[in-house]
DNA sequence: TCGCAGGTGGTCG
DNA sequence: CGACCACCTGCG
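Residue numbers (the numbering used here): 263 to 554.
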């Protein structure tokens with residue numbers, strides 16, 4: 263398939279986008295490009311400069327139609343991150359510093375079911391192992407989506423497939439105690455009539471809190487995972503997931519008690535508002551960079 | 001060896 | 001309710 267080139271990107275850095283903890287299915291290549299899969303498409307993305315010095319995104323394995331139907335939205339291209347950064351940095355030198363570090367971050371608009379599965383797996387887990395678990399799950403139970411550079415890529419198994427599995431089936435995936443969570447959640451989704459129903463019911467949620475409350479009915483989905491699903495799977499940019507890293511950074515930078523999650527979400531709601539999710543990503547990327 | 005890693009569910013008080 | 005605590009697994 264062809265290579266699609268999108269010129270004139272701003273506020274866009276592949277390292278920032280794919281290494282800020284929001285996704286687990288992209289791999290950095292030696293040349294700085296990323297290969298991965300989303301919505302059943304396998305592509306390689308690379309940022310380069312055209313002859314006139316304008317930054318551009320090259321997507322290998324992508325036609326114009328796919329770019330318009332999938333990748334433009336996936337990469338949240340319609341949003342003006344420069345404007346969001348100005349708002350967040352205003353009167354907040356700490357945030358300004360964090361934005362400088364992760365200046366090319368964008369919130370990916372990911373598939374809802376894949377996001378639910380991914381973040382259930384992510385609980386009390388580390389990133390390399392999360393990636394390995396998802397990889398195993400897709401390779402063993404998902405449909406093949408395509409190849410790139412000789413490597414095969416598989417889709418996340420559907421709720422139907424996942425609901426039919428047993429804990430023994432999932433043993434080679436090495437999910438540990440999360441395996442029954444996934445099976446039960448898949449069954450709960452089917453019982454509701456599938457992801458179409460779930461999406462429709464979530465569409466009625468007026469606030470991120472309402473969306474999270476709904477999501478928490480699924481086995482293995484607590485406050486943190488629900489918030490991540492709302493942000494990355496529903497593009498609720500006003501959701502503010504609070505994990506161990508965010509607690510750390512808000513304690514260190516805003517001097518909020520590290521145990522006081524309520525105070526943190528209140529602070530985020532008041533100071534970051536509708537851009538809370540984006541703010542969270544800048545802070546997350548920043549603190550992880552400091553600690554490495 | 002044992003604690004820890006993008007938490008959650010169950011059980012007490 | 002809010003504070004504990006066990007929990008699969010792999011790595012340092």
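Glycine residues also receive a C-beta, built at the ideal position from the N, C-alpha and C atoms.
Query	Result
Kindly indicate which residue of 482, 471, 469 and 512 has the alpha-carbon position closest to the one of residue 444.	482
Between which residues of its own chain and residue 449 is the CB-CB distance below 6 angstroms, once the five residues before and five after are set aside?	425
On the criterion of 16 or more Cβ atoms from any shown chain inside 10 Å, does residue 416 qualify as buried, or is it exposed?	buried
At 3 residues or longer, what runs of the beta strand (DSSP E) sit wholly inside the segment 355 to 430?	406 to 410 and 413 to 416
For the alpha helix (DSSP H) holding residue 528, just list the boundary residues, first then last.	523 to 533
Are residue 502 and residue 493 touching if we call contact CB-CB under 9 angstroms?	yes
If we count the other Cβ atoms within 10 Å of its Cβ and call it buried at 16 or more, is residue 511 buried or exposed?	buried
Please state the DSSP three-state secondary structure of residue 320.	strand
If you drop the 5 nearest sequence neighbours on each side, which residues of the same chain put their C-beta closer than 7 angstroms to that of residue 380?	286 and 396
Could you check whether residue 374 and residue 489 sit closer than 9 angstroms to each other, using their CB atoms as the reference points?	no
Count the CB pairs spanning the segment 541 to 548 and the segment 275 to 285 that are closer than 8 angstroms, and state whether there are at least three.	yes
For residue 268 versus residue 339, is the C-beta spacing smaller than 9 angstroms?	yes
With distances taken Cα to Cα, identify the nearest neighbour of residue 289 among 523, 308, 312 and 451.	308
Between the alpha carbons of residue 343 and residue 432, how many angstroms are there, rounded?	40 angstroms
Just grab the DSSP bridge partners of residue 307 for me.	296 and 321
Taking its Cβ as the centre, do 16 or more other Cβ atoms sit within 10 Å of residue 532, making it buried, or is it exposed?	exposed
Just tell me which of 540, 505 and 266 has its CA closest to the CA of residue 564.	Outside the displayed span of the chain (263 to 554) sits residue 564, for which this structure offers no information.
With DSSP collapsed to three states, give me the class of residue 287.	coil
When you compare the CB positions of residue 323 and residue 346, do they come within less than 9 angstroms of one another, or not?	no
Between residue 273 and residue 365, which are expected to be in contact by the criterion C-beta below 8 angstroms, what is the C-beta distance as a whole number of angstroms?	7 angstroms
If you follow the beta strand (DSSP E) that residue 269 is in, where does it begin and where does it stop?	265 to 269
Please tell me whether residue 385 and residue 440 are closer than 9 angstroms, where the distance is taken between their beta carbons.	yes
Confirm, please, whether the CB-CB distance from residue 469 to residue 500 is below 9 angstroms.	yes
Taking Cβ positions, are residue 266 and residue 300 nearer each other than 9 angstroms?	no
Does residue 455 come out as helix, strand or coil in the three-state DSSP assignment?	coil
Please state the DSSP three-state secondary structure of residue 543.	helix
Indicate whether residue 542 and residue 530 have their beta-carbon atoms separated by less than 9 angstroms.	yes
To the nearest angstrom, report how far apart residue 271 and residue 412 are at their CA atoms.	29 angstroms
Apart from the five residues just before and just after residue 403, which ones in its own chain have a Cβ nearer than 6 angstroms to its Cβ?	419 and 423
Starting from residue 555, follow the alpha helix (DSSP H) in both directions and report where the run begins and ends.	This structure leaves residue 555 out entirely; the chain is present only between 263 and 554.
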